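Residue numbers (the numbering used here), protein chains in the order written: chain A, 18 to 343; chain B, 522 to 1024.
Note that CB positions come from ideal geometry on N, CA and C, so glycine has one too.
Owing to the predicted nature of the structure, the values given are computational and were not obtained by experimental measurement.
Okay, here's the thing in structure tokens:
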């Protein structure tokens, strides 16, 4: 029995730890500010951080292969600006949205190809992607472009009431994150593509020698991240009903922090998307606590996230590094 | 006619050149159905290149490969697997974070309703492992299993995924103990009985005689020949491998006899009841100039710990170490270098060689450290020193600017030796200097040790191979369970063996 418990902890420690931290922070917040105990506050976490959750999901899979994707914030900016500009010029929402997805996926696949076939470091390749995407956003418009499209407005402003919780609601775009989370869980646990991602992160050379499709998987994983970023961009433009090159500045870093806090190792091979969910929720909770406080600078969010990231990495190296040696 | 039918692999006239080095030159190799075929040769003989070509990692410059009588161009490891050729590499090439079951079955996992069927996968993997004689929990991450189990998992994968007809085992026993090796051999024999052909690469000659049916010898990228194991005596085999007779080994006896004359009578280094709690019990050790002292004993018997004490990596907890009758107080590697003590550590990859630096930089390293970083050696001096040792130790490298990682194991070891010789030490501690290097390079290093002794250096020689210790050492101290249990001046293998075993 004891053995089973310890094995359960070892296997799931990566998820349990961020879960426990999330509960703790939320509990402390609820004690300090009783208003935080309302269920709506919890659902607000999903509403406010839906874009972050989306990019963090894509980021998790990229990091699991041992790579990194710095372009996500830039892609969001590009998607919001491009879609706002197209809608302003009278394009249909039903054309704009799929087109944005195509842009995100193509850009991701292109970066994946550059990384895989031109042997460019992921850090550099996706940094170029970030510059390119954000640069393009400013070329489309130097100022914020409002979205007045009716379809967008309807999607953005229709609340969905949560059953069993009176007066508690989310919006339609809020659902995209959790749905993608389920998709990512399915991909990473139950498909060969997903297991190949883990194999590559664990030992790329081995994965190659094991005859796994390393090249295809790596390119696809960046394309998937591009897909998530484009979705996040659409969600972002829906929540602000505008497009601007300055949107989502530094979100790639928040996403990486959420992934790491969620127990995924930057060296790849260890971690999962469920942990990332809690990483994102922790981020959101810290923001909420500061909002309820009202006097502290919002920059404390960054400091808090920074400290937690550091702790997470400390825990990882304490566990994984020792495991490797023995 | 039946010969050709039985040949599951037939390679003819294979040539391969790397950066102007002819790695393989007109090599023929054939593998029969259901045989264990040993592939031997010194380091750099071309074994791994031949295997890489067979498994599609490298493409040959010339030559033909027939698989099952069909001419094939093997494009990639995947392609080789599709042809039924699978390799288990020396360093286990699996993914440590995935479970054992996944490592065995990834790429061919069972699916159910679009979901990966873990239950079926684990059951299947468990069954496969049981077939190999390992009953275990296959849901464990591979990384926490023993090397032997990892090896078995690699073999299981090779058999299962590729449905392998040809299994290449590259040095599979180098990290296994005797029992695990025996288990592996049982599995190999079972596979052979099932009609799988196995190419077995190893440095251990007695293992070849234990399991192999035929043997192919390579030397310097050329085929020496393929022989029936029964018709080739061990002596003949070694002669074929190193291309010279074993007379050189007898020559060692004479060299050693000669070198005894150079031993001074007074010891300059004396360890008295030196010990370190929890690592080695009190021991006495005297060293004279021109003397080679062997440390024999099993792995973990305290040999390496003595080396580390003498070099000052660890501080002793009791006893004294005197050098030239001066008691040593400050134990630290840098101080030891100053006192003329040098240590070539056991694991050259982890603790010795810096692969990305050049031969010259590696050689100069300890010397520069001894000088301090402000007295920087001029480039020209560095080259002079490096070239001197490249010549002296016969290091096979195109130039002093070659990166060390590109050299063979034996030559890397020589570079480490050169590094310490460059500091002109009085005492050279060699911890397993010949591990993983080939017979020829071993003999060269052994000879070198004795010739250094003749120049008046002292040497502590640590090795798991008793024969080697006997050949090179004037005196042998035997370690057992962290204790120095006996010292022999006259080598008698049997007595030492008894002392090691403690009977």
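Between 887/B, 913/B, 942/B, 972/B, which lies nearest to residue 778/B when the distance is taken from Cα to Cα? As a working mapping, residue 778/B is identified with position 257 in the second chain. Closest by alpha carbon: 972/B.
Return the CA-CA distance between residue 941/B and residue 784/B, expressed in angstroms with no decimal places. Your numbering for residue 941/B matches position 420 in the second chain. Your numbering for residue 784/B matches position 263 in the second chain. Cα to Cα, residue 941/B sits roughly 21 Å from residue 784/B.
Chain A beta carbons: is any one of them nearer than 8 Å to that of residue 692/B? Within the second chain, residue 692/B is the residue found at index 171, counting from 1. Chain A contact via Cβ: absent.
Buried or exposed: which applies to residue 963/B, given that a residue is buried once 16 or more other Cβ atoms fall within 10 Å of its Cβ? On the second chain, position 442 is the one that residue 963/B refers to. So residue 963/B counts as buried.
Answer yes or no: do residue 241/A and residue 34/A have a C-beta to C-beta separation smaller than 8 Å? Residue mapping note: residue 241/A aligns to position 224 of the first chain, counting from 1. Residue mapping note: residue 34/A aligns to position 17 of the first chain, counting from 1. For residue 241/A and residue 34/A, no; Cβs fall outside 8 Å.
Compare the C-alpha of residue 247/A against each of 37/A, 332/A, 116/A and name the closest. Counting from one through the first chain, the residue named residue 247/A turns up at place 230. For the residues 37/A, 332/A, 116/A, the minimum Cα distance to residue 247/A belongs to 116/A.
Pick helix, strand or coil for residue 593/B, following the three-state DSSP scheme. The sequence position of residue 593/B within the second chain is 72, counting from 1. Residue 593/B: strand per DSSP, three-state reduction.
In the structure shown, what three-state DSSP assignment does residue 22/A receive? The sequence position of residue 22/A within the first chain is 5, counting from 1. In the structure shown, residue 22/A sits in a helix (DSSP, three-state: H, G or I).
Within chain B, partners of residue 242/A - CB distance below 8 Å: Counting from one through the first chain, the residue named residue 242/A turns up at place 225. What residue 242/A touches in chain B: nothing, since even the nearest Cβ is about 21 Å away.
Do we get a CB-CB distance below 8 Å when we pair residue 706/B with the residues of chain A? Taking the first residue of the second chain as position 1, residue 706/B is located at position 185. Chain A, which has no Cβ nearer than 8 Å to the Cβ of residue 706/B, makes this no.
Within its chain, find whatever has a CB closer than 7 Å to the CB of residue 318/A; leave out the 5 residues flanking it on each side and keep chain order. Reading the first chain from its first residue, position 301 is the one you call residue 318/A. So the qualifying residues of the chain are 303, 304, 307.
Does the separation of the CB atoms of residue 664/B and residue 618/B fall below 8 Å? Reading the second chain from its first residue, position 143 is the one you call residue 664/B. Reading the second chain from its first residue, position 97 is the one you call residue 618/B. A contact, by the Cβ cut-off of 8 Å.
Would a check of beta-carbon distances place residue 523/B closer than 8 Å to chain A? Here residue 523/B corresponds to residue number 2 of the second chain, with the count starting at 1. Residue placement at residue 523/B is poorly supported in this model, since its pLDDT is 46, which falls under 50; the coordinates are not used for a value here.
Does the CB of residue 232/A have a neighbour CB from chain B at under 8 Å? In the first chain, residue 232/A corresponds to position 215, counting from 1. Output row for residue 232/A: interface = no.
Residues in the region 744-763 of chain B having any Cβ partner in chain A nearer than 9 Å: none
Going by alpha carbons, who is nearest to residue 724/B out of 738/B, 846/B, 878/B, 926/B? Here residue 724/B is taken as the residue at index 203 of the second chain, counted from 1. Closest option to residue 724/B, Cα to Cα, is 738/B.
Taking residue 241/A as part of the alpha helix (DSSP H), name the residues at either end of that continuous run. Here residue 241/A corresponds to residue number 224 of the first chain, with the count starting at 1. Element bounds for residue 241/A: 231-257.
Under 9 Å (Cβ pairs) to chain B, residues found in the region 184-212 of chain A: 203, 206, 207, 208, 209, 211, 212
Residue 608/B: buried (16+ other C-beta within 10 angstroms of its C-beta) or exposed? Mapped onto the second chain, residue 608/B falls at position 87. Result: buried.
Excluding five sequence neighbours on each side, which residues of the same chain lie with their C-beta closer than 7 Å to the C-beta of residue 824/B? To locate residue 824/B, count along the second chain from 1; it is residue 303. 816, 818, 983, 1000, listed in sequence order.
Residues in the same chain with beta-carbon distance under 8 Å from residue 1018/B, minus the five sequence neighbours each way, listed in chain order, please. As a position in the second chain, residue 1018/B is number 497, starting the count at 1. Excluding sequence neighbours, residue 1018/B sits near 987.
If we cut at 8 Å on Cβ distances, does residue 335/A have a partner in chain B? Here residue 335/A refers to the residue found at position 318 when the first chain is read from its first residue. Closer than 8 Å: no.
Assuming residue 544/B and residue 606/B make a contact with CB atoms under 8 Å, what is their CB distance in whole Å? As a first step, residue 544/B is located in the second chain; it is residue number 23 there, counting from the start. As a first step, residue 606/B is located in the second chain; it is residue number 85 there, counting from the start. Not quite, the Cβ-Cβ distance comes to about 20 Å (not below 8 Å), so this is no contact.
Judging by CA-CA distance, which residue of 208/A, 323/A, 280/A, 201/A is the nearest neighbour of residue 335/A? On the first chain, residue 335/A is found 318 positions in, with the first residue counted as 1. Of the listed residues, the one whose Cα sits closest to residue 335/A is 280/A.
Any beta carbon of chain A sitting closer than 8 Å to that of residue 903/B? Translated into positions along the second chain, residue 903/B becomes position 382. Chain A contact via Cβ: absent.
Only counting runs of 3 or more residues, tell me where the beta strand (DSSP E) segments fall wholly within the region 701-769 of chain B, in order along the chain. 718-722, 735-740, 743-749
Could you work out which residues of chain B lie near residue 219/A, taking near to mean beta carbons separated by less than 8 Å? Translated into positions along the first chain, residue 219/A becomes position 202. Within chain B, the residues near residue 219/A are 616, 617, 618, 619.
Note down, in chain order, all residues in the region 628-647 of chain B with a beta-carbon under 7 Å from any beta-carbon belonging to chain A. 628, 630, 636, 637
Quick check: the Cα distance between residue 285/A and residue 315/A, rounded to an integer number of angstroms? As a position in the first chain, residue 285/A is number 268, starting the count at 1. As a position in the first chain, residue 315/A is number 298, starting the count at 1. Distance between the alpha carbons of residue 285/A and residue 315/A: 31 Å.
Selected residue, minimal CA-CA separation from residue 993/B, among 1005/B, 1004/B, 1003/B, 980/B: Here residue 993/B refers to the residue found at position 472 of the second chain. Here the closest residue by C-alpha is 980/B.
Whole alpha helix (DSSP H) elements within the region 46-93 of chain A, 4-residue minimum: 56-65, 67-81
7 Å Cβ shell around residue 143/A - same chain, five flanking residues per side excluded: The count along the first chain starts at 1 and reaches residue 143/A at position 126. Taken in chain order, the residues that qualify are 85, 86, 87, 88, 128.
Count the other CB atoms within 10 Å of the CB of residue 766/B; is the residue buried (16 or more) or exposed (fewer)? In the second chain, counting from the first residue as 1, residue 766/B sits at position 245. Unreliable placement is indicated for residue 766/B, whose pLDDT of 48 sits below 50; the coordinate value is still reported in the next sentence. Result: exposed.
Which complete alpha helix (DSSP H) runs does the region 803-869 of chain B hold, if anything under 4 residues is left out? 824-832, 854-860
With a threshold of 8 Å between beta-carbons, can residue 138/A be considered close to chain B, or not? Indexing the first chain from 1 puts residue 138/A at position 121. No, residue 138/A lies away from the interface with chain B (no Cβ there is under 8 Å from its Cβ).
Distance between residue 58/A and residue 52/A (C-alpha atoms, nearest Å): Here residue 52/A refers to the residue found at position 35 of the first chain. Here residue 58/A refers to the residue found at position 41 of the first chain. When rounded, the distance between both Cα atoms is 8 Å.
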